[in-house]
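The sequence shown runs contiguously to residue 88 in the working numbering. Each residue gets a CB set at the ideal place from its N, CA and C atoms; glycine is no exception. All values reported here derive from a predicted model rather than from experimental measurement. Right, one structure below, let's go through it.
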Amino acid sequence: MGGGAICRHAPAASFAMNAYDSHRKQLTIQGSFIDLLSFSDAMALLASGKADVEPLIGHVLGLEQVQDFLDGKISGVSKAVVRIQD
């Protein structure tokens with residue numbers, strides 16, 4: 003078991019969760035900070051194709067699949083990129 007979520011750029015956002023579930027399911031919730039001075043450089047590097055990140059992405063899940071993933075209903079996935087919208 004185990005899983006994680008990275009929360010990025012959510013100013014003044016909040017969410018509720020059962021703290022016991024994070025312990026029992028061995029979940030990791032992590033914050034991320036984007037440095038505005040280097041973010042555009044990183045996006046340009048990705049857009050240029052000079053950085054091949056495809057091997058780093060094992061699975062892509064839709065937002066509607068996250069709960070099933072956390073509940074263990076999706077097998078063979080240990081980490082994934084969550085696609086928020088098409």
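On the three-state DSSP scale, how would you describe residue i?
{"i": "Q28", "result": "coil"}
{"i": "V83", "result": "strand"}
{"i": "V62", "result": "strand"}
What is the C-beta distance between residue i and residue j, in whole angstroms, given that I count them as a contact (C-beta under 8 Å)?
{"i": "Q67", "j": "I59", "result": "Not a contact, Cβ separation roughly 15 Å."}
{"i": "L65", "j": "R85", "result": "7 Å"}
Sorted by chain position, which residues of the same chain lie with C-beta nearer than 6 Å to residue i's C-beta, five sequence neighbours on each side aside?
{"i": "D54", "result": "none"}
{"i": "L47", "result": "A53"}
For residue i, which residues in the same chain have their Cβ closer than 8 Å to its Cβ, ignoring the five residues on either side in sequence?
{"i": "V83", "result": "I59, H61, V62 and L63"}
{"i": "D23", "result": "L29"}
Among residues of its own chain, excluding the 5 on either side of residue i, which ones have a beta-carbon nearer than 7 Å to its beta-carbon?
{"i": "K81", "result": "G60"}
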